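Enquirer: Dropping the structure in here first, questions after.
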Amino acid sequence: MAGTHILFLVFITSSGIAGTATIFVLENSCPYTVWPGILSGNSTTTLGNGGVPLTPGASVQLTAPPGWSGRFCARTGCSFDASGRGSCVPGVCGGVLNCNRGGFPPAILAEFTVGSGDSEMDFYGVSLVDGFNVKMGIEPLGGTGDCHYAGCLADVNEICPGDLRIMDQNVVGVVAACMSACAAFDSPEFCCTGAHATPQTCGPSRYSTVFKNACPSAYSYAGDATSIFTCSRSNYLITFCPTRS
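When the letters of the sequence shown are read in order and numbered with mature numbering (1 follows the signal peptide of the UniProt record, and there is no 0), they come out as residues -22 to -1, 1 to 223.
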C-alpha cells in the first residue's frame, strides 16, 4: 500500500509540470470520517460536487481548471440523509453534503487561487480566520518557486480560549471546535471591518495570537499576510490530520 501511495504521488507530481490543470489530492489521515466541503469562488467549475466523504485512510483526486479559486473545509461529525441534507459539527455549509453556498465556521480552511494565462503562479494558504476544528496541511507536489508547506499541525482545540470554545454535544468535556474572535464577538476590531478595514488598522488580537503561536504557517486573522504562499505549475496534497513533524 505504501509503495502504491508513493507511486501515485510521483505521478501527480510529474503530471502537474506538463499539464495546465491543477490536481488536488484530498487525503484523510484522521481516525474518523471527514466530509470535505468545497466551495468554488470565481469559477463555474464545482470540484467533487461540492463535498465528498472520506473514511479513515481514504483519498480523492480532484482536477481544477486554470484560474480556479476556492476553499476546502474539513467537516466532521456529519449526518446526511439520502437526499444529501443534514448537519455537521462544525462546517454547516447550508445543511447539505454538496456545498453550493454558505460558509463553514468555525472550521479550518485550505484556500487557493490557481494561476492562469500569463501568470502561472498559484496562491494558497491554510486559514484559521474562521476558526479551527481539525489539523490540516497543504503540500505542493512539484512546481517551481517558494512552494512552502502550509498547515496547522497543532490541536488548537486543546488550547482554545474558554470564550471561543464549542463543546461536543455527544462527549462531555470535549471541545469540538474553536471559534474565531470575529465569529464569537462580531466586532470591527476582530473582524477587520469598519475603522479596522485597512492593513494599517487590521492587526493581530490576543485571540489570533493564540492561533498564530500554535500554527505559524497558517494565517490567523484577515490582515495576516505572513502565511500566504505561492507556487507555479504545481499540484497539491491536502491532508486532514497530517502527521508531518
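Just so you know, even glycine gets a beta-carbon here, dropped at the ideal spot from N, CA and C.
These numbers were taken from a predicted model, which means no experiment stands behind them.
1) Whole angstroms are fine: how far does the CA of G172 sit from the CA of Y185?
2) Can you tell me which of the three DSSP states G55 falls into?
3) Which whole runs of the alpha helix (DSSP H) in the stretch 143 to 214 are 4 residues long or more, in chain order?
4) Identify the continuous beta strand (DSSP E) that holds D100 and give its terminal residues.
5) Is D202 buried or exposed, if buried means 16 or more other CB atoms sit within 10 Å of its CB?
6) Return the bridge partner residues of P89 from the DSSP annotation.
7) With distances taken Cα to Cα, identify the nearest neighbour of F89 among N78, V107, N76 and L75.
8) Using alpha carbons as the reference points, say which of C169, G48, L215 and T54 lies closest to L119.
9) Using the Cβ count rule (16 or more neighbours within 10 Å means buried), how would you classify D164?
10) For G45, collect the residues of the same chain with a Cβ closer than 8 Å to its Cβ; drop the 5 residues on either side in sequence, then sort them by chain order.
11) With a threshold of 7 Å on Cβ separation, who are the neighbours of C160 within its own chain once the five nearest residues in sequence on each side are excluded?
12) Among H126, G35, N6 and H174, which one has its Cα closest to the Cα of F50?
13) I believe A154 touches G55 by the beta-carbon criterion, under 8 Å. Please report the beta-carbon distance rounded to the nearest angstrom.
14) Taking G28 and C66 to be in contact with their CB atoms under 8 Å, please state how far apart those CB atoms are, rounded to whole angstroms.
15) What distance in whole Å lies between the Cβ atoms of N111 and P84, which are believed to be in contact at a cut-off of 8 Å?
16) Whole angstroms is fine: what's the gap from I1's alpha carbon to L40's?
17) Could you please give me the residues that DSSP links to E117 through a beta bridge?
18) Is there contact between the stretch 124 to 140 and the stretch 195 to 210, where contact requires at least three CB pairs shorter than 8 Å?
Expert: According to the data block:
1) 19 Å
2) coil
3) 159 to 163, 166 to 169 and 184 to 192
4) M99 to S105
5) With 16 or more Cβ atoms within 10 Å of its Cβ, D202 is classed as buried.
6) A quick correction: the sequence has Glu, not Pro, at residue 89. Under the DSSP definition of a beta bridge, E89 partners with R49 and G103.
7) Here the sequence assigns Glu to residue 89, which means Phe is not the residue at that position. With distances taken between Cα atoms, E89 lies closest to V107.
8) Per the Cα distances, L215.
9) exposed
10) N20, S21, V92, G93, S94 and G95
11) F168 and C169
12) Each of H126, G35, N6 and H174 was checked against the Cα of F50, and the nearest Cα belongs to N6.
13) 7 Å
14) Not really, about 13 Å apart at Cβ, beyond 8 Å.
15) Indeed, because the Cβ distance is near 7 Å, the residues count as touching under 8 Å.
16) 6 Å
17) L215
18) yes
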